[in-house]
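Participant: Residue numbers (my numbering): 7 to 261.
We put the CB at the ideal spot given by N, CA and C, even for glycine.
The structure is given below, and queries will be raised subsequently.
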Amino acid sequence: MARVPDVLLRDISEEEMEMEFSFGNEISFYQSFQHAGILSVLEDAATKPSTQPPRRRRPSRSRLFTDADLSAMLTSNLVEGPSSFAEASLVSSGLPSAYTYDKVQRWTIQDLDNKCFFLDGTPGQPKLLALHLQVNDKPVELDLRFYRSPLGSDANSGQLVALDIVDSKLYLTCVKEGDGCRLQLEEAEKPLKEISGDNQKYLFYYKPTSPASETFTFQSLICPGWYMATPNDNGYVQMHNVIGERFYTDFHLFL
């Protein structure tokens, strides 16, 4: 009978196993993950009691760690509980990705002190003024562009609108500034077909002051509790977070 060479019967050293494992016919990008997986499974096996009786194994030649081994390892040892990634996906899927343009209405806006809106045409720094109407004055008209949310409308907050000045490319926007918010005019192509991400600064909640009221408020979408407001005297239109004190936040709309 042929004698089995000693090299096949002796225990294979750790160094030889490492060399055998490290070199193969093909290097794939899975190698680093396989190394980490082996360490994880070995550590788990050392601390978790086995449900199978111990078996004696015959000495055999070492072989490369294959993708099939990796698949079995993942199935039997690593996938034991619910996936946090799936939970995160469910949470994030409830957020609106974009607001879609629906329709437009054109109005002239006037506060409760009968002040109308005028454009301060300072080059490079356009602002919106609230002034008492004089003879031959022509206040600006605003297009209220309505947007739909994929989550539906919010009756408590109102309808989402973007406000742009007719015969210009200027939109009213609300931007965060420290602990407060600031109203400013920004240029944009009309109409904005979809609004999402940073462009949500263009959106305001348009809502009647009360169910039977003929006045309306404009609350910022990105700064809840902050409303478009005009001062008691002639001055710039701005954002304010206190209703009915020193500022007018209720407005009439006229064709």
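What residues are listed by DSSP as bridge partners for Asp160?
Facilitator: Your numbering for residue 160 matches position 154 in the sequence shown. In DSSP, Asp160 forms a bridge with Gly164.
Participant: Applying the criterion that 16 or more other CB atoms from any shown protein chain within 10 Å of the CB defines a buried residue, is Ser159 buried or exposed?
Facilitator: Residue 159 sits at position 153 when you count from the first residue of the sequence shown. Exposed, because fewer than 16 other Cβ atoms sit within 10 Å of the Cβ of Ser159.
Participant: Counting Cβ pairs closer than 8 Å, one from the stretch 135-147 and one from the stretch 196-215, do we hit at least three?
Facilitator: Contact fails: fewer than three Cβ-Cβ distances are below 8 Å.
Participant: To the nearest angstrom, how far is it from the Cα of Tyr107 to the Cα of Pro197?
Facilitator: Residue mapping note: residue 107 aligns to position 101 of the sequence shown, counting from 1. Residue mapping note: residue 197 aligns to position 191 of the sequence shown, counting from 1. Going by the C-alpha atoms only, they are around 8 Å apart.
Participant: Starting from the C-beta of Lys199, find all residues in its chain whose C-beta is less than 8 Å away, skip the five residues before and the five after it, and write them out in chain order.
Facilitator: To locate residue 199, count along the sequence shown from 1; it is residue 193. Cβ within range, chain order: Thr106 and Tyr107.
Participant: Please classify Pro60 as buried or exposed, where buried requires at least 16 other C-beta atoms within 10 Å of its C-beta.
Facilitator: If you number the sequence shown from 1, residue 60 lands on position 54. Any reading at Pro60 needs caution, since the residue's pLDDT is 45, under 50, leaving its predicted position unreliable; the model's value is listed next. Pro60 comes out exposed.
Participant: Taking the beta carbon of Ser216 as the centre, do at least 16 other beta carbons fall within 10 Å, making it buried, or is it exposed?
Facilitator: As a position in the sequence shown, residue 216 is number 210, starting the count at 1. Answer is exposed; the Cβ neighbour count stays below 16.
Participant: By alpha-carbon positions, which one of Glu195, Leu189 and Gln111 ends up nearest to Leu135?
Facilitator: On the sequence shown, position 129 is the one that residue 135 refers to. Considering only alpha carbons, the answer is Leu189.
Participant: According to DSSP, simplified to helix, strand and coil, what is Asp117?
Facilitator: Taking the first residue of the sequence shown as 1, we reach residue 117 at position 111. It is a strand residue.
Participant: For Leu139, which residues in the same chain have their Cβ closer than 6 Å to its Cβ, ignoring the five residues on either side in sequence?
Facilitator: The residue given as residue 139 occupies position 133 in the sequence shown. Closer than 6 Å at the Cβ level, and outside the excluded window around Leu139, lie Cys122.
Participant: Given Val110, which residues of its chain have a CB within under 8 Å of its CB, disregarding the five upstream and five downstream residues?
Facilitator: Looking up residue 110 in the sequence shown gives position 104. Around Val110: Asp149, Leu150, Arg151, Phe152 and Pro197.
Participant: Return the residue from the list Leu191, Pro156, Leu178 and Thr179 that minimises the CA-CA distance to Thr128.
Facilitator: The residue labelled residue 128 in the question sits at position 122 within the sequence shown. Ranking Leu191, Pro156, Leu178 and Thr179 by Cα distance to Thr128 puts Leu191 first.
Participant: Would you tell me roughly how many angstroms separate the C-alpha atoms of Leu125 and Gly231, rounded to the nearest one?
Facilitator: Walking along the sequence shown from the start, residue 125 turns up at place 119. Walking along the sequence shown from the start, residue 231 turns up at place 225. So the alpha carbons of these two residues sit roughly 25 Å apart.
Participant: Got a sec, what are the start and stop residues for the beta strand (DSSP E) Gln131 sits in?
Facilitator: Residue 131 sits at position 125 when you count from the first residue of the sequence shown. Taken as a continuous stretch (DSSP letters only), Gln131 belongs to no beta strand (DSSP E), as it is neither H nor E.
Participant: Output needed for Thr255: all residues of its chain with C-beta closer than 6 Å, excluding positions within five of it in sequence on either side, in chain order.
Facilitator: In the sequence shown, counting from the first residue as 1, residue 255 sits at position 249. Counting only Cβ-Cβ distances below 6 Å, and skipping sequence neighbours, we find Thr223, Tyr233, Ala235 and Ile249.
Participant: Would you report the Cα separation of Phe260 and Ser103, rounded to the nearest angstrom?
Facilitator: Locating residue 260 in the sequence shown gives position 254, counting from the first residue. Locating residue 103 in the sequence shown gives position 97, counting from the first residue. One C-alpha to the other measures close to 33 Å.
Participant: Note down the Cα distance separating Glu220 from Thr114, rounded to an integer number of angstroms.
Facilitator: For this step, residue 220 is matched to residue 214 along the sequence shown. For this step, residue 114 is matched to residue 108 along the sequence shown. So the two alpha carbons sit approximately 14 Å from each other.
Participant: Going along the chain, which residues of its own chain have a beta-carbon closer than 7 Å to the beta-carbon of His258, five neighbours each way excluded?
Facilitator: As a first step, residue 258 must be located in the sequence shown, where it is residue number 252. Excluding sequence neighbours, His258 sits near Gln116, Glu220 and Thr221.
Participant: Let me check understanding here. Comparing Cα to Cα, which of Asn247, Met245 and Asn238 lies closest to Asp119?
Facilitator: Here residue 119 refers to the residue found at position 113 of the sequence shown. Answer by Cα proximity: Asn238.
Participant: Under the DSSP definition of a beta bridge, which residues are partnered with Arg154?
Facilitator: Along the sequence shown, one-based indexing puts residue 154 at 148. Answer by DSSP bridge pairing, in chain order: Thr106.
Participant: Going by DSSP in three states, Asp204 sits in which element: helix, strand or coil?
Facilitator: Residue mapping note: residue 204 aligns to position 198 of the sequence shown, counting from 1. Correct three-state label for Asp204: helix.
Participant: Name the residue from Leu227, Gly186 and Ala218 whose alpha carbon lies nearest to the alpha carbon of His246.
Facilitator: Locating residue 246 in the sequence shown gives position 240, where the first residue counts as 1. Checked all of Leu227, Gly186 and Ala218; the closest Cα to His246 is Gly186.
Participant: Taking the straight line between their C-alpha atoms, what separation do you get for Asp170 and Ile228?
Facilitator: As a first step, residue 170 must be located in the sequence shown, where it is residue number 164. As a first step, residue 228 must be located in the sequence shown, where it is residue number 222. Going by the C-alpha atoms only, they are around 18 Å apart.
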